[in-house]
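These protein sequence lines map, in sequence, to chains A and B.
Residue numbering for the first sequence follows my numbering, beginning at 81 and increasing consecutively.
Residue numbering for the second sequence follows my numbering, beginning at 32 and increasing consecutively.
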Amino acid sequence: MKLADKETWVEDTLKSLDGMSQPQAPDNLFENAMRRAAFGRALILRIPVVQVWSAVACALVLILANLFICLDSALFDDQMIGSKEKFAKEYFQISDTP
Amino acid sequence: MESELVNQLRKNDPVACRFLVEKHGDLVFNTALGLLQHRSDAEDMAQEVFAYAFQSVEKFRGDAKIATWLYRITLSKSLDFIKAKKRLKRFGLLLSIFEGDGAKLAVDKPHFHHPGVLMENQEKAQILFLAIEKLPERQKIAFLLHKLEDLSYTEIADVLQLSLSAVESLLFRARQNLRQYLGSWYEQNRF
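Okay, structure coming up:
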């Protein structure tokens with residue numbers, strides 16, 4: 081009996097949307113949508129393709145220049161350490177190696 | 032007729048825009064309402080859908096009907112909104128761990144009363160909407176389009192870009208899952 085009650089209730093619940101009416105959209109939908117569309121258009125920046133590619137090229141040059149400077153300074157540091165050792169060896173006969 | 036309307040929309044003709052909203056406003060609002068289960072969210076979504084439609088009418092190729100195109104935009108935007116809301120809910124739960132229950136209450140959804148449901152069915156429809164929310168995404172969409180929008184299987188197949196048999200299978204599984212959810216709800220709450 082309880083199982084039958086449950087089945088009936090489930091089927092009734094599944095049918096609870098039958099015969100429903102479509103709710104109407106709000107009256108000011110058109111005005112609000114137009115306002116939103118105009119605001120969206122104002123936010124879109126129209127940038128020429130040439131300018132975009134120039135910006136990309138500039139960014140690439142900057143990145144490469146930075147990389148080059150970093151690598152070059154690391155090489156310079158190595159050279160500096162080498163020259164200090166050379167100087168110490170030549171004038172004070174000091175060497176790191178025993 | 033539809034191609035003429037699309038041409039006018041492409042020219043940003045306000046009369047054509049108004050006609051589009053007047054003709055399909057209910058369709059968009061009702062679909063959003065079924066998915067979002069929140070009146071003010073659905074109103075906001077309807078505005079968003081039409082604003083997007085006005086802006087992107089250039090992309091409309093005319094392969095499908097305007098109504099189908101609007102259904103697709105509504106579904107896509109509503110699903111994005113639901114995902115964003117779920118993220119917010121998760122964030123709310125995280126906040127509630129640190130700040131107590133106040134933050135959790137702020138993102139909890141109240142029970143949904145669909146304004147189109149018959150008065151005598153309101154209570155059961157409310158439970159059905161809770162069950163619909165638990166359905167997988169595609170089953171939920173197919174079921175809502177069939178029940179709320181009264182779309183035929185062929186029309187649902189057009190909107191979801193699926194075969195007819197795929198839609199039949201989705202609706203069959205949706206009903207099966209709903210029976211299961213409702214059954215367990217009945218056992219937990221009626222005894």
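Each residue gets a CB set at the ideal place from its N, CA and C atoms; glycine is no exception.
Within-8 Å CB hit, residue i to chain A
i, result
"B/Pro141", "Note that B/Pro141 scores 45 on pLDDT, short of 50, meaning its location in the model is unreliable and no value can be drawn from it."
"B/Ala77", "yes"
"B/Phe85", "yes"
"B/Gly123", "no"
"B/Leu179", "yes"
"B/Phe112", "no"
"B/Asn208", "no"
"B/Ala82", "yes"
"B/Pro167", "no"
"B/Asp94", "no"
"B/Arg49", "yes"
Three-state class that DSSP yields for residue i in the structure shown
i, result
"A/Ser53", "A query on residue 53 of chain A cannot be resolved here, the shown segment of chain A reaching from 81 to 178 and no further."
"B/Asp44", "coil"
"B/Gln211", "helix"
"B/Ser87", "coil"
"B/Gly133", "At B/Gly133 the pLDDT is 46, less than 50, meaning the model places this residue with poor confidence; the figure from the coordinates comes in the next sentence. Helix."
"B/Lys140", "Note that B/Lys140 scores 48 on pLDDT, short of 50, meaning its location in the model is unreliable; the coordinates nonetheless yield the value given after this. In this structure, B/Lys140 counts as coil in the three-state DSSP scheme."
"A/Glu91", "helix"
"B/Arg92", "coil"
"B/Glu53", "helix"
"B/Leu149", "coil"
"B/Ser183", "coil"
"B/His177", "helix"
"B/Ala219", "One point to set straight first is that residue 219 of chain B is Gln, not Ala, in the sequence displayed. B/Gln219 falls in the helix class under three-state DSSP."
"A/Asn108", "coil"
"B/Ser200", "helix"
"A/Gly99", "coil"
"B/Leu166", "coil"
"B/Leu193", "coil"
Nearest-angstrom beta carbon gap, residue j and residue i [assumed within contact, 8 Å]
i, j, result
"B/Gln170", "B/Arg210", "With 8 Å as the limit, B/Gln170 and B/Arg210 do not qualify as a contact, their Cβ atoms being about 13 Å apart."
"B/Lys96", "B/Glu33", "7 Å"
"B/Leu66", "B/Ile113", "7 Å"
"B/Cys48", "A/Phe119", "Contact doesn't hold; Cβ gap of about 15 Å is too wide."
"B/Glu89", "B/Arg41", "6 Å"
"B/Ala77", "A/Ala139", "Not really, about 41 Å apart at Cβ, beyond 8 Å."
"B/Ala82", "A/Ala117", "4 Å"
"B/Asn220", "B/Leu166", "About 19 Å separates the two Cβ atoms, so there is no contact after all."
Listed by chain order, chain D residues near residue i by CB distance under 7 Å
i, result
"A/Thr93", "The structure shown has no chain D; the protein chains it does contain are A and B."
Neighbour flag for residue i against chain B, beta carbons, 8 Å
i, result
"A/Val129", "no"
"A/Gln159", "no"
"A/Ala84", "no"
"A/Trp133", "no"
"A/Ser101", "yes"
"A/Leu144", "no"
"A/Ser153", "no"
"A/Leu97", "yes"
The stretch 85-104 of chain B touching the stretch 51-71 of chain B, judged by at least three CB pairs closer than 8 Å: In this structure the stretch 85-104 of chain B lies against the stretch 51-71 of chain B, because at least three pairs of beta carbons, one per stretch, are closer than 8 Å.
Three-pair Cβ contact test at 8 Å for the stretch 87-100 of chain A versus the stretch 153-164 of chain B: Verdict: yes, contact present.
contact_flag[the stretch 162-176 of chain B, the stretch 189-199 of chain B] where n(CB pairs < 8 Å) is 3 or more: Judged by Cβ distances under 8 Å, the stretch 162-176 of chain B makes contact with the stretch 189-199 of chain B, as three or more pairs qualify.
Segments assigned alpha helix (DSSP H), at least 4 residues, entirely inside the stretch 134-163 of chain A: Taking only runs of at least 4 residues, no alpha helix (DSSP H) segment lies wholly in the stretch 134-163 of chain A.
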